[in-house]
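Per the numbering used here, the very first residue in the first sequence carries number 12; after that it's consecutive.
Comments concern the structure below.
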Amino acid sequence: MTAKKEISDLLVAAAQQAMAAGDLPSIALPDATVEHPQKSGFGDYASSIALKLSRAAKPRQALDIAKILVSHLPASAIVGQAEVAPPGFINFTLSDNWLKRQVETIVAAGDEFGSVDLGKREKVQVEFVSANPVGPLHVGNGRGAILGSTLANILAKAGQEVTREYYLNDAGSQLDAFFRTLWARYRQALGQEAEIPADGYAGTYMSDLAGEIVASEGDRFLRLPEAEALTALGQLGMARIIDWIKTDLRNIGVEFDVWFSEKSLYANSQFDQAFSLLKERGYVVEREGAVWFASTALGEDKDTVVIRSNGTPTYFASDIAYHYNKFVERGFDRVIDIWGADHQGHVNRMKVVLSALGIDPSRLGILITQLVTLKRGSEVIKISKRTGDIITLREVIEEVGADACRFFFLARSADSQMDFDLALAKEQSQENPVYYVQYAHARIASILRTAAEKGIGYEDGDVDLLSTEPELTLIRKMLEFPELVELAAVNLEPHHLPHYSQELAGIFHSFYKQCRVISEDDQLTKARLKLVHAAKIALANALDLMGMTAPERM
RNA sequence: GCCCCUGUAGCUCAGUGGAUAGAGCGCCGGCCUCCGGAGCCGGGUGCGGGCGUUCGAGUCGCCCCAGGGGUACCA
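Next comes the structure, spelled out in structure tokens:
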């Protein structure tokens with residue numbers, strides 16, 4: 012349990028006791044939320060519960076209520092001091108003794124440090140990237156990939172049973188356009204006249220892909236009937252693109268548990284099942300030769316086509332079947348979809364269709380990542396798969412490195428549009444927060460190596476000797492880590508991690524400057540070795556959640 | 001037009017209705033007899049505008065202004 016939660020519980024207990032004793036009227040308790048005061052001097056945690064209670068408990072003043080609560084506060088090893096401050100805050104200072112002992116707790120927890128218990132273990136699916144296999148990943152895909160993989164890590168750390176999934180659009184009209192483009196490029200590569208379809212993919216990577224295929228397969232597709240050639244060649248091209256995608260993802264540390272085929276939804280009649288259910292419930296209408304989902308019946312602005320007048324299902328049809336599969340067939344308790352800003356219009360429709368299927372829409376969380384504007388200096392680079400050449404994710408990774416790429420993408424909340432200046436990212440490669448954090452880890456590793464070389468063991472180090480301000484500040488900051496994991500897991504907000512890791516690294520560097528670890532004082536040396544070992548664990552675990560490396564040397 | 005996201009320091013961005021709004025970069029000064037100077041210490045400027053709700057608003061509501069995205073029988 013985090014200190015935060017424990018203090019919150021103490022407050023609730025105090026309020027209940029005060030009411031039982033008649034010192035406070037029996038009223039409903041507001042959330043006993045506890046926060047870190049912005050300014051030092053107000054303790055480690057502060058609660059404004061008395062201010063919130065004062066309205067209902069009139070004519071009691073908030074300050075008096077705070078005093079009453081403090082007087083009923085149960086004894087606790089965690090709290091060193093609980094003070095009342097106007098206009099009615101209760102400020103808690105952690106006990107030094109308890110703080111010191113947490114070093115042992117952290118070292119004992121090791122990789123598990125930071126794990127939190129949200130009270131229930133749910134089966135959670137995080138679906139992300141899911142880019143169509145029609146071209147290389149761009150930086151927008153990269154943002155989703157990094158956000159999704161980190162969020163999955165965080166949820167796992169918070170005790171959830173997490174499945175990471177990539178939805179592969181291996182059917183549909185965009186793939187069809189990809190097939191036709193590749194066919195044209197293939198014929199061009201073999202010296203034939205061929206025109207790129209108007210709705211095709213103009214990027215030069217398509218010519219490269221066609222060239223690769225000619226090199227390995229020759230002209231054998233020309234000897235097939237055209238329809239057959241188109242499909243056979245297309246499948247081969249798609250497989251190669253998927254390989255590119257997998258390679259890029261691996262290079263930024265993103266792995267999936269499941270690659271889910273859109274096509275399989277039709278082969279396994281998931282679509283038929285979902286569709287019949289919708290029909291049964293009266294949400295299907297036929298009009299203008301097409302089949303529609305009656306979204307307007309559930310408050311949407313317009314109905315949505317599910318089956319086109321030419322008989323082919325739309326993307327939305329697949330999405331209905333896919334989410335039916337997620338919730339009903341596979342039984343996920345919660346599903347988190349991470350989509351790009353261009354899918355924003357689908358959010359409500361998706362939630363509405365879940366209601367229509369009888370699935371509680373609150374079980375689906377949809378995160379929209381806002382656009383990434385790629386820049387090189389002041390020059391804006393337009394991202395579009397369809398209008399020609401693009402800066403791919405691969406190029407960005409090669410330029411700035413996977414760790415830096417992850418850190419920068421993670422540091423911004425998904426809601427914020429962001430500028431990614433390649434020139435700047437490269438320039439900053441030394442003065443970069445990424446290295447600042449990793450350097451702290453490497454520095455600790457170096458200290459521990461030095462200690463090992465000198466044969467200093469610190470298992471028996473006495474944490475009671477840790478008493479100076481820099482030491483205790485470092486411990487305090489480490490203890491925020493589990494709280495942060497909980498915050499990020501509950502709010503689906505990974506962007507707190509980079510900020511936290513920078514703060515933790517900063518406090519460590521400051522400690523390092525002020526406190527010599529390996530000194531003539533054997534006992535203090537051992538105690539401090541234990542402390543920096545704990546700090547190394549905290550840094551490593553934070554970096555690990557972010558999918559970054561924690562280098563022993565730099 | 002309607003819907004969604006965003007406007008916080010020169011720049012890039014944090015900020016769970018609370019007390020004196022933060023970080024990094026950039027800029028200007030300091031700090032290496034000592035475990036890694038990719039480090040430390042100091043220096044300053046800001047919540048787009050207005051009206052509300054509240055004991056208390058950067059945070060919630062409404063209106064306005066600005067930027068971006070969506071609004072297909074594309075995905």
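Quick reminder that beta carbons are idealized off the backbone N, C-alpha and C, glycines included.
Secondary structure at Phe304: strand, using DSSP grouped into helix, strand and coil. Between the stretch 130-139 and the stretch 461-476, the count of Cβ pairs shorter than 8 Å is below three; the stretches do not touch. In this structure, DSSP gives Tyr294 a state outside helix and strand, which the three-state scheme calls coil.
Judged by beta-carbon spacing, Lys386 lies within the 8 Å limit of Asp430, meaning their Cβ atoms are closer than that value.
A direct Cα-Cα distance of roughly 28 Å separates Ala169 from Ser366.
In the structure shown, Asn102 falls within a strand segment according to DSSP collapsed to helix, strand and coil.
Pairwise C-beta distances place the stretch 446-453 in contact with the stretch 549-563, as three or more of them are shorter than 8 Å.
Closest in C-alpha terms to Ser87, from the list Leu110, Asp471 and Gly472, comes Leu110. Residue state for Pro509 is assigned as helix, using DSSP reduced to three classes. Scanning the stretch 57-82 from its first residue to its last, the whole alpha helix (DSSP H) runs of 4-plus residues come out as 60-67 and 73-82. Assignment of Ser272 by DSSP, reduced to helix, strand and coil, places it in the strand class. In this structure, Gly146 sits away from Gly52, with a CB-CB distance that is not shorter than 8 Å. Under the criterion of beta carbons closer than 8 Å, Gly264 and Ala422 do not qualify as touching, at roughly 16 Å.
Rounded to whole angstroms, the separation of the alpha carbons of Pro493 and Leu550 is 12 Å. For Gln92, the enclosing beta strand (DSSP E) covers residues Val90 to Ala96. DSSP places Tyr178 within a strand segment (E or B) once states are collapsed to three. Exclusion of the five residues before and after Leu244 leaves Phe190, Leu193, Trp194, Tyr197, Ile224 and Phe232 as the residues of its chain whose Cβ lies within less than 8 Å of its Cβ.
Under the DSSP assignment, Gly245 falls in the alpha helix (DSSP H) whose first and last residues are Glu237 to Asn262. In the structure shown, Asp430 falls within a strand segment according to DSSP collapsed to helix, strand and coil. When only Cα atoms are considered, Ser82 and Ile60 end up about 15 Å apart. Residues Tyr335 of the same chain have their beta carbon placed closer than 7 Å to that of Gln284, with the five preceding and five following residues left out of the count. In this structure, Val543 lies away from Ile467, with their beta-carbon atoms at least 8 Å apart. Remark: C-beta atoms of Met565 and Phe418 do not approach each other more closely than 8 Å.
The residue among Thr307, Ala332, Thr384 and Pro509 with its C-alpha nearest the C-alpha of Asn359 is Thr307.
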